[in-house]
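Report on one structure; see the data block that follows.
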Amino acid sequence: MIDIIIVGGGPAGLSAGIYACRGGMNTILFEKMGVGGQTATTKLVENYPGFPEGINGYDLADKMKQQAEKFGLDIRAETVKKITRKGREIVVETENGQYKSIAVIIATGCRPRKLSIPGEEELRGKGVSYCATCDGPLFRDREIAVVGGGDTAVEEALFLAGFGKFVRLIHRRPRLRASKILQERLVKHSKIEFVKDSVVAAINGKDVVESLSLKNVKTGTESNVPCAGVFIAVGLDPNTEFLKGTVEMNGSAYIITDEDMKTSVEGIYACGDVREKTLRQVVNACGEGAVAAFTTQKYVEELKGISYGEDFTL
Ligand code: NAP
Numbered sequence: 062m063i064d065i066i067i068v069g070g071g072p073a074g075l076s077a078g079i080y081a082c083r084g085g086m087n088t089i090l091f092e093k094m095g096v097g098g099q100t101a102t103t104k105l106v107e108n109y110p111g112f113p114e115g116i117n118g119y120d121l122a123d124k125m126k127q128q129a130e131k132f133g134l135d136i137r138a139e140t141v142k143k144i145t146r147k148g149r150e151i152v153v154e155t156e157n158g159q160y161k162s163i164a165v166i167i168a169t170g171c172r173p174r175k176l177s178i179p180g181e182e183e184l185r186g187k188g189v190s191y192c193a194t195c196d197g198p199l200f201r202d203r204e205i206a207v208v209g210g211g212d213t214a215v216e217e218a219l220f221l222a223g224f225g226k227f228v229r230l231i232h233r234r235p236r237l238r239a240s241k242i243l244q245e246r247l248v249k250h251s252k253i254e255f256v257k258d259s260v261v262a263a264i265n266g267k268d269v270v271e272s273l274s275l276k277n278v279k280t281g282t283e284s285n286v287p288c289a290g291v292f293i294a295v296g297l298d299p300n301t302e303f304l305k306g307t308v309e310m311n312g313s314a315y316i317i318t319d320e321d322m323k324t325s326v327e328g329i330y331a332c333g334d335v336r337e338k339t340l341r342q343v344v345n346a347c348g349e350g351a352v353a354a355f356t357t358q359k360y361v362e363e364l365k366g367i368s369y370g371e372d373f374t375l
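So for the sequence shown, this note's numbering puts the first residue at 62; every next one is plus one.
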């Protein structure tokens, strides 16, 4: 029987892994892609303490992975399909079979939200992207657009301006949601145009993206702008589909926990971006991973303690 299974290998899951393994827990972490989550695709993380010059997101995630493995975390590339509580154990089903553990920590994070407009799905990977760090260099000296008004959109526009001929930042409102420091950098940048009060109605192109159909939501004016690469950064959706009906979630499918990271189901904990909360940053994902591991370890040890001599073999 495994003590703790962690699902998700972003900063929250890896931090939980470091604390759980260092605490002597027999722990497996399942991650369907490479570890690091969204952080691994961030060019520069400049608000994580300890790195005054900032650090590349992939490098930061890789250091966290190395640190977790140093303490014995068993990281496996498997996709978790279902989690069920059966009596005192938790059954975790992956594409390779079933695993039984005393407790589970969910740290599956979020994924970029889609716009659901014509052309988005058809031209994905052919000019439509959700990751500037991954695909930005493909659009060197081309016209680029970024959709959204949050931190991600502005960071991506600034990053892409280093490659593209010209970047349009298209936002549905007159004001950006992004932090002040990013907005100040945006205003100063000569290669970025802020297209306010506008939405992308369609992404056009035969084999690759060629143009965007824009609509001004205030005036109703429609226009067509040339574009080779469009980066969609309109927020995040939590990766919780496989947990529907298992743990309590809010209306947007984020997992509800208490401050000790306990979910509505005994033995199942959640931490990081997948939780209902107000701030989604690497720094609090790591902190929550530590809290989740601490609470989970207490639960596991208590259960093992009270189980000795009872009709329950661990
Ligand atoms: P976000 O803060 O939720 O912003 C999403 C943006 O997309 C908003 O401006 C929103 O418009 C717009 N939007 C949403 N749905 C749309 C639609 N259907 N059509 C057009 N526009 C739409 O998401 P995010 O920027 O990905 O950031 C997520 C979290 O990560 C935030 O907490 C953010 O602070 C954090 N983050 C932090 C950093 C950093 O600290 N350096 C970097 C990246 C992300 P409205 O403004 O009108 O709602």
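Backbone N, C-alpha and C define an ideal beta-carbon position, used for all residues, glycine too.
By a C-beta neighbour count over all protein chains shown, 10 Å radius and 16 as the cutoff for buried, is residue i buried or exposed?
i, result
"residue 94", "exposed"
"residue 316", "buried"
"residue 282", "exposed"
"residue 299", "buried"
"residue 138", "exposed"
"residue 131", "exposed"
"residue 325", "exposed"
"residue 264", "buried"
"residue 158", "exposed"
"residue 167", "buried"
"residue 241", "exposed"
"residue 280", "exposed"
"residue 217", "buried"
"residue 76", "buried"
"residue 336", "buried"
"residue 284", "exposed"
"residue 318", "buried"
"residue 323", "buried"
Does the Cβ-Cβ distance between residue i and residue j come in under 9 Å?
i, j, result
"residue 252", "residue 294", "no"
"residue 204", "residue 289", "yes"
"residue 333", "residue 84", "no"
"residue 117", "residue 126", "no"
"residue 152", "residue 330", "no"
"residue 401", "residue 238", "Examination of residue 401 is not possible in this model, given that the chain is present from 62 through 375 alone."
"residue 163", "residue 79", "no"
"residue 88", "residue 67", "yes"
"residue 207", "residue 231", "yes"
"residue 123", "residue 98", "no"
"residue 81", "residue 346", "no"
"residue 145", "residue 307", "yes"
"residue 271", "residue 227", "no"
"residue 108", "residue 358", "no"
"residue 161", "residue 63", "yes"
Let me know the secondary structure DSSP gives residue i once reduced to three states.
i, result
"residue 82", "helix"
"residue 284", "strand"
"residue 262", "strand"
"residue 277", "strand"
"residue 202", "coil"
"residue 89", "strand"
"residue 255", "strand"
"residue 237", "coil"
"residue 100", "helix"
"residue 147", "strand"
"residue 339", "coil"
"residue 370", "Because the pLDDT at residue 370 is just 43, under 50, the model does not fix this residue reliably, and the value given afterwards should be weighed accordingly. Residue state, collapsed to three classes: coil."
"residue 272", "strand"
"residue 172", "strand"
"residue 242", "helix"
"residue 125", "helix"
"residue 344", "helix"
"residue 303", "helix"
"residue 290", "strand"
"residue 134", "coil"
"residue 164", "strand"
"residue 76", "helix"
"residue 248", "helix"
"residue 308", "coil"
"residue 230", "strand"
"residue 359", "helix"
Within 8 Å: the Cβ of residue i and any heavy atom of ligand 2?
i, result
"residue 70", "As far as ligands go, the structure on display features ligand 1 and does not contain ligand 2."
Given residue i, which residues of its chain have a CB within under 8 Å of its CB, disregarding the five upstream and five downstream residues?
i, result
"residue 269", "184, 187, 188, 289"
"residue 178", "261, 262, 263, 264"
"residue 135", "88, 89, 90"
"residue 201", "224, 225"
Go through its chain and collect everything with a Cβ distance to residue i's Cβ below 7 Å, but skip five positions before and after it.
i, result
"residue 396", "Limits of the chain in this structure are 62 at one end and 375 at the other, which puts residue 396 out of reach."
"residue 140", "93, 155, 156"
"residue 373", "The predicted position of residue 373 is uncertain, since its pLDDT is 44 and thus under 50; no value can be drawn from it."
"residue 142", "154, 155, 156, 303"
"residue 174", "295, 296, 297, 298"
In the DSSP output, which residue or residues are listed as bridge partners for residue i?
i, result
"residue 323", "330"
"residue 159", "154"
"residue 209", "Its beta-bridge partners do not exist; DSSP assigns none."
"residue 298", "172"
Would you say residue i lies against chain D (beta-carbon separation less than 9 Å)?
i, result
"residue 245", "The structure shown contains no chain D; it is built from a single protein chain."
Tell me which same chain residues have a C-beta within less than 6 Å of the C-beta of residue i, skipping the five on either side of it?
i, result
"residue 262", "274, 276"
"residue 192", "102"
"residue 371", "Summary for residue 371: the model assigns pLDDT 45, below 50, so the residue's position carries little reliability; its value from the coordinates is reported in the next sentence. Cβ neighbours of residue 371 beyond the five flanking positions: none."
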